[in-house]
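Number of protein chains: 4
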Amino acid sequence: MCRWLAYSGSPLPLETFLLQPEHSLIDQSLQSQMGVHTTNGDGFGVGWYDKDQEPGIYHSVSPAWNDRNLKELAKHIRSHLFLAHIRASTGTAIQQTNCHPFRHGQWLWMHNGLIRGFDAVKRELMLAIDPSLYPSIEGSTDTELMFYLAMSLGLSDDPISAVERMAGMIEAVADRHGIKNALQMTIATTDGERLWVFRYSTERRSRSLYYSTDIRTLRELYPDNPRLAGMSEETRLVVSEPLSDLPGVWKEVPESTCGIVQAGEDELRPFRPRRGQ
Amino acid sequence: MCRWLAYSGSPLPLETFLLQPEHSLIDQSLQSQMGVHTTNGDGFGVGWYDKDQEPGIYHSVSPAWNDRNLKELAKHIRSHLFLAHIRASTGTAIQQTNCHPFRHGQWLWMHNGLIRGFDAVKRELMLAIDPSLYPSIEGSTDTELMFYLAMSLGLSDDPISAVERMAGMIEAVADRHGIKNALQMTIATTDGERLWVFRYSTERRSRSLYYSTDIRTLRELYPDNPRLAGMSEETRLVVSEPLSDLPGVWKEVPESTCGIVQAGEDELRPFRPRRGQ
Amino acid sequence: MCRWLAYSGSPLPLETFLLQPEHSLIDQSLQSQMGVHTTNGDGFGVGWYDKDQEPGIYHSVSPAWNDRNLKELAKHIRSHLFLAHIRASTGTAIQQTNCHPFRHGQWLWMHNGLIRGFDAVKRELMLAIDPSLYPSIEGSTDTELMFYLAMSLGLSDDPISAVERMAGMIEAVADRHGIKNALQMTIATTDGERLWVFRYSTERRSRSLYYSTDIRTLRELYPDNPRLAGMSEETRLVVSEPLSDLPGVWKEVPESTCGIVQAGEDELRPFRPRRGQ
Amino acid sequence: MCRWLAYSGSPLPLETFLLQPEHSLIDQSLQSQMGVHTTNGDGFGVGWYDKDQEPGIYHSVSPAWNDRNLKELAKHIRSHLFLAHIRASTGTAIQQTNCHPFRHGQWLWMHNGLIRGFDAVKRELMLAIDPSLYPSIEGSTDTELMFYLAMSLGLSDDPISAVERMAGMIEAVADRHGIKNALQMTIATTDGERLWVFRYSTERRSRSLYYSTDIRTLRELYPDNPRLAGMSEETRLVVSEPLSDLPGVWKEVPESTCGIVQAGEDELRPFRPRRGQ
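Chains as they are written, first to last, in my numbering: chain A, 1 to 277; chain B, 278 to 554; chain C, 555 to 831; chain D, 832 to 1108.
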């Protein structure tokens, strides 16, 4: 099972939530108490926004806890919006082109979950990708395919509708192949302005997804961290698993829900796959 | 431009032709005098046969001249039939799943050359791959696609016919996209018994391909190598570029030709792509 | 905490005890139930003997369970005597030159444990290494230093005496620096003929070390493995942790003991560090 | 032969001089027309200063021209002072801990050249390193040893004197071992404020070293680069080989010279090794 974290708020060094000794994504990965897999050593990735329109990306196939370059970058790169992902492969190769987040133009996309029976449905789903986008696919994961499928279905115009149609199409193709419970997904995607997160599974028993309530809870979580003192009230973390056990800090994204992190009020909406056009 | 070497003959440590200080594939790669690219540091691979039916494979994305594991393996692994390949990427990612030789069951396949306009024709060619083979594709190269295309067209039953049809299909699809001189290829493929090599290009100006005349010429090339003293008369090397400049050692595979290295007499036959059903 | 395995007996593909789905070294590493560290993803190594006098070595910094080259090699390389090691770094860099087993000429050496206060004593211990051996040191681990220290103290002439003197010297230097419980070690070393294993710690609470009683117990452990049917009666495994929980299969090497695996009767002897000349 | 570049001036994305399609360090490395070695694929490193006192470091053992992470970082990281280095190993292992620049506290250090007969003198020179610094050595290169030797001899207080004494000590030890022409070096070192560069060899035939005259010459070199338009007049590049052939752009650092790049007037001074206390 993969783990991921999405941050939006006042600019911070990436290390703040990635590498702190306790309650960080990478520390959590080494412990891996809640995961199905016993470890998450199959690749790491982070994508971040700065002044450039296109986000930066760092992908590594070293275990994150050993990666010296990651430590350097996480200390020196600051960002107001970044995604980080630790991979536990469900079988596809361990290589940089299979590391999340995936990027296309100004968009990033990452995922925890899987398409069941992927070998059976991969070819048909690949055909549904817009021919102009097809050559951009570099790796072999279900996640990258989902990204380009959503992109083909209008991600950049209407992200929620595109992901609804993507999920509907995957379920429809799986149905035709007699595959049950085709989709299990928690997704984060962003254009550098807003962040959309999705929690859904065909069987309605989706993997966990949490968000931080507000900046005061973050300050509670890291009381000794002076960086948090001056943070914007709009700062928000979304995580596949809670980074700590402090009560009151994390709220669960409900089953079959889409969340939008944005300037002003954030939103939660019911999520339902949509078949056909 | 990639470089490759195929060996068939008396069992030898792989290092004999890969790592010898002079006239070896890797030494040649560092010098790279004849290549279009100035170096070949984009990945290395070797596939070898032993008692198992399925060949072994070693793929590395370190430059071959730095790879200590390769040196160890090449010294300790002996084989009577092996393929070795040094990659110069034409743009696709540097990763193990893009390293040659590619393997499917007992078959190996490697290539120097390219499909022109690959981005434009990739999707259509992918569709021509047998759906049962499609999930086996792990990388993003034109070479792996060519392999599974040939496999879909009967490589394991009739290799020459399959490669003729593969080349014909690639040229036909490229024609529809208005791409000229679609194919440039020197290919080696083997099932562990026989070795087929192909030299062809749409424009009939194919990259070079050479074979060693007979064992006596090899002994001439490596006069101090006691290993060659006891070698079978059927020992044969096929190489993308000559490993030395000694006159009389290497013969060029003619333009638009297929060669078969096998027990008994080897063969050279004209090669012509075949279009149609 | 590292894990290791030493095999001596009838020639086998390395994969037999390294990669089998159950009870193998790498499977065990992923589970890592007994270890202090939660995982062992900091590098892998195997050294094996064949017809050459100098053993072959494969070192990798990918987690062993992800390493495709390792799977290929372990399937295709057969050996009558090999050492395998999975590293959990105690702080030094993750790099091939820090992977066990270490090699010098025909000797291999691997280790689980540590020199406490290594930073404080490293320089003085380095000075005790024979100047002619000093340039051979490539990495930064305590294990490699111990190897060259033992080599300087006569490992190739009298391995037990050399390791006794090595341990004595480390403890003496640590004493001078006020370091308690300086040494914690389980070591395997071999010249390709015999295998010496050591279990010792200054505090006399050494990490575990086990050996297989005889070939019948191995057959019991892998009842469906036809390879074991024809194995020599002298086949022996020594492991840092038992590969299975079957009662009667594994015997513990006693505290402060040296074991010798050799043609004829194996031996267990008390081990005691020796100070002075 | 290694290649390096040191930049001091208005903050720029690292890519400006590292990855531009023409006249960049990495492009030059692929071409490698002036080098003794035919390529420089043995590791890459960059160290840069930002608001933190300790510089950031990125070390990679992939060939620089293939390293996607490097491309991302070089695009997104901006710095007013950075060092970049492409390594051609003279024999020591290809690993991150052998990549330049080396860092200790706020200092960076990189080098092109070698200590002749390094195996013979390494141990004695290691002994001259301050015991408190000794444990910081992680790799096996002559360059890292030179750095810690200079550090032991007062680099942080008086860099020029420390390098003079370092060079004198190396030559003295080499003399005792009968090694001629012991030292060949072009070095760059910085504390984040000033940059010191050295060109020296025992035989007085030192490898090349060049500096850019002033910002107008840089603008001439990259006429279409809008970034250069607003650059500070104090902007300065020092390079092991010129990045272009434009006449008048580069000035050679004279034989046996030390240069200081600093606020105000830069300086060139004669450099002479110093032996004795």
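Every residue gets a Cβ at the ideal spot worked out from N, C-alpha and C, and that includes glycine.
Owing to the predicted nature of the structure, the values given are computational and were not obtained by experimental measurement.
What's the gap between the Cα of C:Ser-616 and the Cα of C:Asn-779?
-> Position 62 of the third sequence, counted from the start, is the residue given in the question as residue 616 of chain C. Position 225 of the third sequence, counted from the start, is the residue given in the question as residue 779 of chain C. Approximately 28 Å between the Cα atoms of the pair.
Does the beta carbon of A:Ile-86 sit closer than 8 Å to a beta carbon anywhere in chain C?
-> The residue you call residue 86 of chain A lines up with position 86 of the first sequence. Not closer than 8 Å to any Cβ of chain C, the Cβ of A:Ile-86 fails to qualify, so no.
N-terminal and C-terminal residue of the beta strand (DSSP E) that D:Phe-913 is part of | As a position in the fourth sequence, residue 913 of chain D is number 82, starting the count at 1. Residues 909 to 917.
What residues are listed by DSSP as bridge partners for A:Asn-112?
-> Mapped onto the first sequence, residue 112 of chain A falls at position 112. A:Asn-112 is bridged to A:Thr-186.
Neighbouring residues, chain C, relative to D:Ala-924 (Cβ below 9 Å) | The sequence position of residue 924 of chain D within the fourth sequence is 93, counting from 1. By Cβ distance, chain C contributes Gln-649, Gln-650, Thr-651, Glu-692 and Gly-693.
Return the residues of the segment 57 to 85 of chain A that lie within a Cβ-Cβ distance of less than 8 Å from chain D, sorted by chain order.
-> Going along the segment 57 to 85 of chain A in chain order, one finds Ile-57, Tyr-58, His-59, Ser-60, Arg-68, Asn-69, Glu-72, Leu-73, Lys-75, His-76 and Ile-77 with a Cβ nearer than 8 Å to chain D.
If you count every other CB in all the chains shown that lies within 10 Å of the CB of C:Ser-586, and 16 or more means buried, which is it?
-> Sequence index remark: in the third sequence, residue 586 of chain C carries index 32 (1-based). Per-residue confidence for C:Ser-586 stands at a pLDDT of 48, beneath the threshold of 50, marking its modelled position as unreliable; the derived number appears in the next sentence. Counting the other CB atoms within 10 Å of its CB gives C:Ser-586 a total of 16 or more, which places it among the buried residues.
Residues in its own chain within less than 7 Å of A:Leu-285 by CB, not counting five upstream and five downstream?
-> Because residue 285 of chain A is not part of the residues shown, which for chain A are 1 to 277, the question remains open.
For the segment 153 to 162 of chain A against the segment 80 to 94 of chain A, are there 3 or more C-beta pairs whose distance is under 8 Å?
-> Between the segment 153 to 162 of chain A and the segment 80 to 94 of chain A there are fewer than three inter-stretch CB-CB distances shorter than 8 Å, so the stretches are not counted as touching.
So which residues on chain D does C:Lys-676 lean against when the C-beta distance must stay under 9 Å?
-> Numbered from 1 along the third sequence, position 122 holds the residue referred to as residue 676 of chain C. Going along chain D in sequence order, the residues near C:Lys-676 (Cβ under 9 Å) are Tyr-965 and Pro-966.
Quick one: residues in its chain with C-beta nearer than 7 Å to the C-beta of A:Glu-124, no 5 flanking neighbours on either side, listed in chain order?
-> Position 124 of the first sequence, counted from the first residue, corresponds to residue 124 of chain A. Counting only Cβ-Cβ distances below 7 Å, and skipping sequence neighbours, we find Val-173.
Roughly how many whole angstroms lie between the Cα atoms of A:His-100 and C:Leu-703?
-> On the first sequence, residue 100 of chain A is found 100 positions in, with the first residue counted as 1. On the third sequence, residue 703 of chain C is found 149 positions in, with the first residue counted as 1. Cα-Cα distance, rounded: 45 Å.
Determine the extent of the beta strand (DSSP E) in which D:Lys-1011 is found, giving its start and end residues.
-> Walking along the fourth sequence from the start, residue 1011 of chain D turns up at place 180. In the DSSP assignment, D:Lys-1011 falls outside any beta strand (DSSP E), carrying neither H nor E.
Identify whether C:Lys-506 lies in helix, strand or coil by the three-state DSSP scheme.
-> For chain C, the structure presents residues 555 to 831; residue 506 of chain C sits outside this window and is missing.
Report back the beta-carbon spacing between A:Gly-47 and A:Leu-83 to the nearest angstrom; my notes put them in contact at under 8 Å.
-> Translated into positions along the first sequence, residue 47 of chain A becomes position 47. Translated into positions along the first sequence, residue 83 of chain A becomes position 83. Their Cβ separation, rounded to whole angstroms, is 5 Å, which keeps A:Gly-47 and A:Leu-83 in contact under 8 Å.
Evaluate A:Lys-122 with the Cβ neighbour count: other Cβ atoms within 10 Å of its Cβ, from every protein chain shown; 16 or more gives buried, anything less gives exposed.
-> As a working note, residue 122 of chain A is residue 122 in the first sequence. Buried.
Give a yes or no on whether 8 Å exceeds the smallest Cβ distance from B:Asp-396 to chain A.
-> Your numbering for residue 396 of chain B matches position 119 in the second sequence. Closer than 8 Å: yes.
If you follow the beta strand (DSSP E) that B:Glu-544 is part of, which residue opens it and which one closes it?
-> Mapped onto the second sequence, residue 544 of chain B falls at position 267. 544 to 547 is the extent of the beta strand (DSSP E) around B:Glu-544.
Would you check if the distance between the CB atom of A:Asp-214 and the CB atom of A:Glu-233 is smaller than 8 Å?
-> Sequence index remark: in the first sequence, residue 214 of chain A carries index 214 (1-based). Sequence index remark: in the first sequence, residue 233 of chain A carries index 233 (1-based). Yes; because the gap between Cβ atoms is below 8 Å, this pair is in contact.
Could you give the residue range of the beta strand (DSSP E) that holds C:Thr-811?
-> Residue 811 of chain C sits at position 257 when you count from the first residue of the third sequence. 811 to 815 is the span of the beta strand (DSSP E), which, as asked, contains C:Thr-811.
Could you have a look at D:Gly-999 and say whether DSSP puts it in helix, strand or coil?
-> In the fourth sequence, residue 999 of chain D corresponds to position 168, counting from 1. In the three-state reduction of the DSSP assignment, D:Gly-999 falls in the helix class.
Expected contact under 8 Å - CB spacing of C:Ser-762 and C:Gln-738 to nearest Å | On the third sequence, position 208 is the one that residue 762 of chain C refers to. On the third sequence, position 184 is the one that residue 738 of chain C refers to. For C:Ser-762 against C:Gln-738, the beta-carbon gap comes to about 12 Å, at or over 8 Å, which does not count as contact.
Does the beta-carbon of B:Arg-552 have 16 or more other beta-carbons within 10 angstroms, so that it is buried, or is it exposed?
-> For the purposes of this step, residue 552 of chain B is taken as residue 275 along the second sequence, with counting starting at 1. B:Arg-552 is exposed by the Cβ-count criterion.
Buried or exposed: A:Arg-3, going by 16 or more other Cβ atoms within 10 Å of its Cβ?
-> Taking the first sequence and counting its residues from 1, one reaches residue 3 of chain A at position 3. Classification of A:Arg-3: buried, given that the 10 Å Cβ count is 16 or more.
Any alpha helix (DSSP H) of 4 or more consecutive residues that is wholly inside the segment 190 to 247 of chain A | The segment 190 to 247 of chain A contains, as complete alpha helix (DSSP H) runs of 4+ residues, the segments 215 to 221 and 226 to 229 (chain order).
Relative to the C-alpha of B:Thr-466, which residue among B:Phe-379, B:Ser-356 and B:Asp-329 is closest?
-> The residue you call residue 466 of chain B lines up with position 189 of the second sequence. Looking at the Cα atoms, B:Phe-379 is the closest of the given residues.
Could you tell me the distance, in whole angstroms, from the CA atom of A:Leu-237 to the CA atom of A:Ser-8?
-> On the first sequence, residue 237 of chain A is found 237 positions in, with the first residue counted as 1. On the first sequence, residue 8 of chain A is found 8 positions in, with the first residue counted as 1. Using only the alpha carbons, I get a separation of about 7 Å.
When the Cα atoms are used, what is the spatial distance from C:Trp-750 to A:Leu-221?
-> Counted from its first residue, the third sequence places residue 750 of chain C at position 196. Counted from its first residue, the first sequence places residue 221 of chain A at position 221. In this model, C:Trp-750 and A:Leu-221 are separated by some 52 Å (Cα to Cα).
Listing by chain order, which chain C residues have their CB less than 9 Å from the CB of D:Pro-1054?
-> Numbered from 1 along the fourth sequence, position 223 holds the residue referred to as residue 1054 of chain D. Below the 9 Å Cβ cutoff, chain C contributes no neighbours of D:Pro-1054, its closest Cβ being approximately 43 Å away.
Return the CA-CA distance between A:Ser-132 and C:Thr-570, expressed in angstroms with no decimal places.
-> Mapped onto the first sequence, residue 132 of chain A falls at position 132. Mapped onto the third sequence, residue 570 of chain C falls at position 16. If I take the Cα positions, the gap works out to 48 Å.
C:Asp-604 versus C:Ile-631: straight-line alpha-carbon distance, rounded = Walking along the third sequence from the start, residue 604 of chain C turns up at place 50. Walking along the third sequence from the start, residue 631 of chain C turns up at place 77. In a straight line, the C-alpha of C:Asp-604 is about 9 Å away from that of C:Ile-631.
Please state whether DSSP places C:Ile-714 in a helix, a strand or coil.
-> Along the third sequence, read from residue 1 onward, the residue named residue 714 of chain C stands at position 160. Taken through DSSP and simplified to helix, strand or coil, C:Ile-714 comes out as helix.
So with Cβ pairs under 8 Å, would you call B:Pro-611 a contact of chain A?
-> With chain B represented from 278 up to 554, any question about residue 611 of chain B goes unanswered, as that position is not in the structure.
For A:Arg-42, go through chain C and note every residue whose CB falls closer than 7 Å to its CB, in chain order.
-> Translated into the one-based positions of the first sequence, residue 42 of chain A becomes position 42. The question names Arg, yet the displayed sequence has Asp at residue 42 of chain A. By Cβ distance, chain C contributes Asn-620.
Residue nearest to B:Ile-392 in terms of C-alpha spacing, selected from B:Ala-506, B:Asp-452 and B:Leu-432 = In the second sequence, residue 392 of chain B corresponds to position 115, counting from 1. Selected option, being the one with the closest Cα: B:Asp-452.
Would you say D:His-935 and D:Gly-876 are within 8 Å of each other, going by their C-beta atoms?
-> Numbered from its first residue, the fourth sequence carries residue 935 of chain D at position 104. Numbered from its first residue, the fourth sequence carries residue 876 of chain D at position 45. Contact: no.
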